[in-house]
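Enquirer: I'd like to ask you about the structure that follows.
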Amino acid sequence: AAGATAYLSVFAVRLGASTFLIGLLSSLPSLLLVLSAVPAGRYVARQPRIQAVVIRSRIAFRVSYLFIALVPWLFPHWGGAAIVVIWALAAIPTNFVEVSVTAALAETIPPKRRATVISTRYAVHSCVAALALPVVGRLLDTLPFPLGYQVVFAGSFVAAMLSVWVFSKIRIPDQKVAVEQKRVPSARRLRGGLAALRVNRAFGAYLLALTLFRFGMALPQPLFSVFWVRDLGLSDGDIATATMVVYAFSIVGYFFWGRVANKYGHGPVLLAATLGLGIYPLVTAMARGLPLVLVASCSGGLFSSALALATFNVLLALAPPEKRADYVALNAVSVNVTSLVGPLLGPALAGWAGIRVAMLVAAGVRFLGGVLFLIWPVREGDAGPDPKYLEDL
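As structure tokens, then:
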């Protein structure tokens with residue numbers, strides 16, 4: 240995460256990628272994710288040995304790091320475009336990773352321990368990344384370009400393979416396999432999914448508010464790396480410092496929000512996350528150098544940890560166990576549709592009104608999503624059909 244995840248878009252920008260291409264870096268994979276979300280959910284639901292699915296899909300995804308490391312040698316004149324294509328193809332196994340990992344964690348961790356275990360898991364991840372980032376930043380500043388980036392992405396691939404090996408040692412119970420059904424036409428499946436959202440009104444309201452918020456998250460996504468490199472002129476070391484601050488505050492956040500969730504539930508944590516993450520593009524838009532970027536990074540780390548913790552646990556709480564894979568797939572559609580549209584509109588808005596204005600608009604959309612959670616507060620005991628709705632039927 241300290242290498243490939245933190246520097247993917249920065250690498251593409253330094254290889255000459257335009258703002259439009261950086262937008263495609265997010266939106267093009269999302270297109271493939273949208274197309275494969277429901278099939279991935281149905282496939283995973285039919286697999287009793289969920290661990291094998293996780294391992295295969297993670298290997299298929301992480302090998303993209305190695306290919307990206309080779310880009311300057313294979314495509315010296317089209318490096319930015321090549322990274323976009325490789326990352327888009329890597330999106331194909333990503334849905335299988337997301338759905339299968341969610342199912343694996345649901346089978347492995349008892350509901351009462353999820354807040355503690357998941358917050359600790361994310362905190363350890365952030366701690367390792369934060370410790371590695373100064374080394375990565377120093378490496379990129381010391382080695383000539385693009386060799387430094389090639390070393391970082393190759394190292395990320397090796398670390399990812401070690402992660403898969405460690406995961407293979409975990410004992411995971413076989414999951415209950417969904418009953419095989421006849422093939423249902425896509426249009427009918429879509430109507431069935433919408434009907435399920437009407438029946439489970441708590442999940443429907445949650446998904447609607449979260450989709451709007453996710454649009455605000457996706458809108459400025461391709462703009463940050465362009466803004467750092469071209470507008471503010473930050474070095475790789477500066478970017479490493481800003482990213483390290485994000486991880487450092489997320490470590491604090493995971494433990495803090497884990498305690499809040501245990502005491503008050505994940506609904507208030509989700510509300511705080513959606514309102515708090517509006518601060519990040521707001522402060523970034525006002526930045527003239529590294530100091531305000533670091534201030535934005537503090538809020539980004541603190542509240543992104545709340546978002547990661549709350550969305551995962553609220554999703555599991557609101558989704559009926561027997562339909563978990565389908566609800567995870569619906570959630571993935573929300574993620575991928577917003578990730579498809581937002582990164583395309585962000586650069587377009589920046590080209591028309593300026594990159595700072597685009598970030599302010601994104602902040603407003605994030606705040607609006609948070610207001611919807613204030614109007615429709617999440618109550619984790621609301622999983623399942625609304626009895627009043629069933630009476631109406």
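End of the sequence shown sits at 632 in this note's numbering; the numbers just go up one at a time, nothing left out.
C-beta atoms are modelled at their ideal positions from N, C-alpha and C, and glycine is treated no differently.
No experiment lies behind these values; they were computed from the predicted model shown.
1. For residue 389, which three-state DSSP category applies?
2. Please report how far the alpha carbon of residue 463 lies from the alpha carbon of residue 449, in whole angstroms.
3. Report yes or no: do three or more beta-carbon pairs, one from the region 610–617 and one from the region 466–477, lie closer than 8 Å?
4. Are the CB atoms of residue 581 and residue 457 nearer to each other than 8 Å?
5. Does the beta-carbon distance from residue 515 to residue 545 come in below 8 Å?
6. Under 8 Å, do residue 223 and residue 475 count as touching if we go by C-beta distance?
7. Is it true that the CB of residue 508 sits closer than 8 Å to the CB of residue 500?
8. Indicate whether residue 442 and residue 557 have their beta-carbon atoms separated by less than 8 Å.
9. Nearest CA to the CA of residue 262: which residue from 461, 356, 574?
10. Assign residue 413 to one of two classes, buried (16 or more other C-beta atoms within 10 Å of its C-beta) or exposed (fewer than that).
11. Taking residue 255 as part of the alpha helix (DSSP H), name the residues at either end of that continuous run.
12. At what residues does the alpha helix (DSSP H) containing residue 535 begin and finish?
13. Measuring CB to CB, does residue 503 end up less than 8 Å from residue 362?
14. Within a Cβ cutoff of 7 Å, which residues of the same chain sit near residue 394, ignoring the five residues on either side of it in sequence?
15. Quick check on this structure: which residue in 355, 403, 365 has the alpha carbon closest to the alpha carbon of residue 636?
16. By a C-beta neighbour count over all protein chains shown, 10 Å radius and 16 as the cutoff for buried, is residue 384 buried or exposed?
17. Residues in its own chain within less than 8 Å of residue 323 by CB, not counting five upstream and five downstream?
18. With DSSP collapsed to three states, give me the class of residue 286.
19. Given this structure, state the Cα-to-Cα distance separating residue 203 from residue 272, to the nearest angstrom.
20. Can you list, in chain order, the residues of its chain whose CB lies under 6 Å from that of residue 645, leaving out five sequence neighbours each side?
21. So the alpha helix (DSSP H) residue 311 belongs to, where does it begin and stop?
22. Closer than 7 Å by C-beta to residue 589: which residues in its own chain qualify, once you throw out the five before and the five after it? Chain order, please.
23. Would you call the region 303–310 and the region 339–349 in contact, with 3 or more CB pairs under 8 Å?
24. Give a yes or no on whether the C-beta atoms belonging to residue 370 and residue 482 are separated by under 8 Å.
25. For residue 297, name the three-state secondary structure that DSSP assigns.
26. Beta carbon of residue 524, beta carbon of residue 599: below 8 Å?
27. Between residue 253 and the rest of its own chain, which residues show a CB-CB distance below 8 Å, the 5 nearest in sequence each way excluded?
Expert: Checking against the coordinates, here is how it stands:
1. Residue state, collapsed to three classes: helix.
2. In a straight line, the C-alpha of residue 463 is about 22 Å away from that of residue 449.
3. no
4. One thing to note: residue 581 has its Cβ within 8 Å of the Cβ of residue 457.
5. yes
6. Any question about residue 223 goes unanswered here, given that the chain covers just 240 to 632.
7. yes
8. yes
9. 461
10. exposed
11. DSSP places residue 255 in no alpha helix (DSSP H); its state is neither H nor E.
12. Where residue 535 is concerned, the enclosing alpha helix (DSSP H) stretches over 529–557.
13. No. Outside cutoff.
14. Once the five neighbours on either side are set aside, the close Cβ partners of residue 394 are 242.
15. The shown model of the chain, from 240 to 632, leaves out residue 636, and the question about it has no answer.
16. exposed
17. For residue 323, where only same-chain residues beyond five positions count, the Cβ hits under 8 Å are 251, 256, 260, 263, 264, 267.
18. coil
19. As shown, the chain starts at 240 and ends at 632. That puts residue 203 outside it, with no answer to give.
20. The requested residue 645 does not occur in the structure, where the chain is confined to residues 240 to 632.
21. Run containing residue 311: 310–313, per the alpha helix (DSSP H) assignment.
22. 258, 462, 597
23. no
24. By the CB criterion at 8 Å, residue 370 and residue 482 fall outside the cutoff.
25. In this structure, DSSP gives residue 297 a helical state, which the three-state scheme calls helix.
26. yes
27. 384, 385, 388, 468
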